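Following my numbering from start to finish, the sequence shown increments by one per residue and tops out at 870. Every residue gets a Cβ at the ideal spot worked out from N, C-alpha and C, and that includes glycine. Remember, predicted model here, so these are calculated numbers, not experimental data. Step one of this worksheet: look at the structure below.
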Amino acid sequence: MNVVVVESPAKAKTINKYLGADYTVLASFGHVRDLPAKDGSVKPDEDFEMAWEIDTASAKRVKAIADAVRESDRLILATDPDREGEAISWHLLEALQKRRVLKDVTVQRVAFNAITKPAILEAMAHPRAVDMELVNAYLARRALDYLVGFTLSPVLWRKLPGSRSAGRVQSVALRLICDRELEIEKFRSEEYWTVDADLTANSDSFRAKLVTLGGKKLQKLSIKDRASANAAVEAVNSANLSITGVEAKPAKRNPPPPFTTSTLQQEAARKLGFSATRTMQTAQKLYEGVTLGGETTGLITYMRTDGVTMVPEAVSQARDVIGKEHGSLYVPSAPRHYASKAKNAQEAHEAIRPTSFSRLPEKLSLDADMARLYQLIWRRAVASQMESARFERTTVDIASPDGQTALRAVGTVQLFDGFLALYQEGRDDEEDEGENRLPKLTQGAAATVAKTHADQHFTQPPPRFTEASLVKRMEELGIGRPSTYASTLQVLRDREYVQMEKNRFHPFDKGRVVIAFLENFFARYVEYDFTASLETQLDKVSAGELDWKQLLRDFWTDFRAAIDEIGELRITNVLDALNEALAPHIFPEKEDGTDPRLCPSCKEGTLSLRLGKFGAFLGCSNHPDCSFTRQMSPPGEDDAQGDRVIVQHPETGKDVELKNGRFGWYLQMQLDGEDKPKRSSIPKGWDAATLTEEQAIKLIDLPRTVGEHPDDGQPITANIGRYGPYVHHDKTYANIPSVEEVFEIGLNRAVSVIADKRANGGRRGATASALKELGEHDGKPVRIMSGRYGPYVKYEKINATLPKDTDPESVTLEQAMEWVEAKAAKGGKKKAPAKKKAPAKKKAPAKKATAKKPAAKKTAAAKDKAE
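The following block contains the structure:
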């Protein structure tokens, strides 16, 4: 008997069908061991000894694999063909050796780039040993990331309250976003003009651009104002122009190579609007395959790769498809060969391509995301082997006899579309790919000005990063690995260091403070070159050219010294450095020239950064005499234009003021006889800049009394709290769907919501509704439910969260059960074993104590959750 271990259960089922009854294929569900998330898991003082841990769910899977290996004579490790896959195989070997089940068992490692029967059988015929150089590179990377995170993050927590954490690669990615934001803030727009002319020269009209004026070649900003533009127009109109040169040159454009991980993420973002995470999740499904002709088949090759090559058989297939679908003119005389240009490119696998080019996208029945991504991959791979597009570029020079005034017209005509018939690469700058045709022109012909055009322009700041442009920039700099970009960018969002607006990254103030701190006190460790050099060293480890322990020793010596040096730093030193570093952001220059740091409230104090429990904010130096505070970001055109009175309350006659504090915008009303003013935060989804008088009065009047409960006469109120809108009666707090319902909910509806909450034991998830009925599994219903934190699959007592960016309507029963199985394998019901252990104790008192304690804890937890 042969035992084969792969990573996912879906893959296990497919491969088991290919290999037959002599093979048992089991899934490891990814890594079976990990570093515990606590200090001390990597021990620099013990030559970087690493303490690995197997969690409860993984222990069950390791036991199942170990039990199967005991009954077999060969173990085949068939995890993914990359560093992580190699590491998973190594971890599993280490765990099985500790269980002493590998005696007299042959251990082999196989790697396949596609989940197709030929690819898997070919891999099985050529086994090898676990590549320890790749494993060592993995160990070095994990140790580096762990040491940076668990050593630097506590420094952040002490010196910058409200910060979440720092990471080796994530901090550098965040710096790219923050540096771009600083560029935008420092940017000062400049006015410039361009002058064009519509000309004829015994021909149809054509347009030319002024390129020389007064005998001097014009630069972009040479014409700075309307007066200069008018003078240029006059010079063109009065010049005796003629055609001084006509030059036509052939040009061609070659197709781009097939996708790597990075370029797939970039192009899916540009053309499909996919996040990096969504792209990789969809690519994983295409790799693991769909059922075709009763057999599960992978549709694409492995999607974590830096390679741009395709095997000869695939190139031949692509050329055959091109000939059939487009004709022989589109097939180049020889196959195209590509080489990676990425810095630190590694993982010498094939590019991402279809496993069979004969599977045309339009002939496959796939869900929406899979269909769109497969078509993108198929077209790019096929186009990479197509003929070049051919153009003719014509340049026409027009000038006065003295050369004082000259114009130029450029036209491009496509002669043969080549690969553009199938695929055109997306661009972040959205440049125009259209043709500009010029009429037939003769050198020496007189040119007549029909009309002139003077257009005003302003220089633009550099654009904020999209996911595509950020991934491209990280790859250019050699920061991180393309296979980790999706998770790195997701961490930045999850920790609320950045947010996406109109598909572009905007840093939160929290993220900017963290980067300013790191740049001032740990500059080396957020430098682009330093981070890239670490990647180069890690590549040397994987190539067997550098000892991984030596890499760690060299890094840790300097890093530990930097941490110790910062330990004695006073908070005042930190704030002084941050005030200076963030000045363009938090203290932008004012148009009237007044001091941007002058307190707008007392007009005497100076504004400065302060650190509180929830992060950084600005406060006055005259505190406590002056209590002015505001968020770091200064009010702008899109904000609420600073503190102001919104309305006078119709009942109290008091001003309802809109203010910007350390936690955001809020309303305030000072009542007679009250020491503290009444306040109400602006709820999420409401714009402080467009807040109406009616909305302001409603908010400041909260909580709102809905009515008296018919059972006991006690009031039911509606309000907005820390966890959103809710209704309250006696000791019951029940969430309601929207802020608007706080002001509209009636007594009957409120009584019903409270009754539902009590009937379900106070659980917040009690009001979840079904979004989609998927069918039955083993006679039990499987549903997509709407939950507080997003949609999830419900099967019996297991709730499995849908992956991010997954459309609930596109989920199939098979997909849902895979998520349910994965959740169950992770120990979704952790309390069940504890109840079974109690009877094992024979002493009666112990039984009673065990029975009582869980009940008490459950009651307390339910109470905490309800309140």
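Annotated as proximal: A204 and A448, with beta-carbon spacing under 8 Å.
Ranked by how close their Cα comes to the Cα of A489, the residues R515, E470, G727 have E470 in first place. For the pair of segments examined, the region 73-87 was found to touch the region 103-113: the number of CB pairs separated by less than 8 Å reaches three. If you draw a straight line from the Cα of D76 to the Cα of R556, it is about 41 Å long. Spanning the alpha carbons of H352 and T312 requires a straight line of approximately 8 Å. For the pair G688 and V742, the CB atoms are nearer than the 8 Å cut-off.
Judged by DSSP in its simplified three-state form, M4 adopts coil rather than helix or strand.
For V529, there is no enclosing alpha helix (DSSP H), as DSSP gives it neither H nor E.
Excluding residues up to 5 positions away in sequence, V6, T27, L29 lie with their Cβ nearer than 7 Å to the Cβ of A71 in the same chain.
H329: not part of any beta strand (DSSP E); member of the alpha helix (DSSP H) spanning 315-329, first to last residue. By the C-beta criterion, the region 370-385 is judged not to be in contact with the region 395-407, since fewer than 3 inter-stretch pairs fall below 8 Å. Cβ-Cβ distances below 6 Å link R210 to D199, D201 in the same chain, with the five nearest sequence neighbours on each side left out; the list follows chain order.
With a 10 Å radius around the Cβ and a threshold of 16 neighbouring Cβ atoms, E194 comes out exposed.
For the pair A565 and F525, the Cα-to-Cα distance works out to about 7 Å.
Shown here, I246 sits in a strand according to DSSP, grouped into three states. Ranked by Cα distance from E711, the first of D675, D532, V730 is V730. M389 and W381 have their alpha carbons spaced roughly 13 Å apart. Taking a contact to require three or more Cβ pairs closer than 8 Å, the region 408-423 and the region 455-471 do not qualify as touching. Rounded to whole angstroms, the gap between the alpha carbons of D228 and V239 is 17 Å. Separation of E250 and L410 (C-alpha to C-alpha, rounded to the nearest whole angstrom) is 14 Å.
Shown here for Q378: same chain residues with a beta carbon closer than 6 Å to its own, the five before and five after excluded, namely P364 in chain order. For the set L612, N439, P680, P259, the Cα lying nearest the Cα of Q427 is the one of P259. F115: not part of any alpha helix (DSSP H); DSSP gives it neither H nor E.
The distance from the Cβ of L137 to that of R183 is about 34 Å, inconsistent with a contact at the 8 Å cut-off. Between K255 and A392, the C-beta gap is smaller than 8 Å, which places the two residues in contact.
The region 809-820 makes contact with the region 786-797, as at least three CB pairs between them are under 8 Å. Remark: C-beta atoms of L95 and V35 approach each other more closely than 8 Å. Put simply, the region 120-132 does not touch the region 530-548. Fewer than three CB pairs are less than 8 Å apart. Residue state for W668 is assigned as strand, using DSSP reduced to three classes. S611 sits in a strand when the DSSP states are folded into three classes.
One thing to note: P728 has its Cβ within 8 Å of the Cβ of V745.
Going by DSSP, A211 is part of the beta strand (DSSP E) stretching over 209-216. T247 and Q446 do touch by the CB rule: their CB atoms are close to 7 Å apart, below 8 Å. Counting other Cβ atoms within 10 Å of its Cβ, T59 stays below 16 and is therefore classed as exposed. Here the region 170-180 makes contact with the region 508-518; the two share three or more CB pairs at distances below 8 Å. One Cα belongs to I68, the other to I118, and the distance between them is close to 22 Å.
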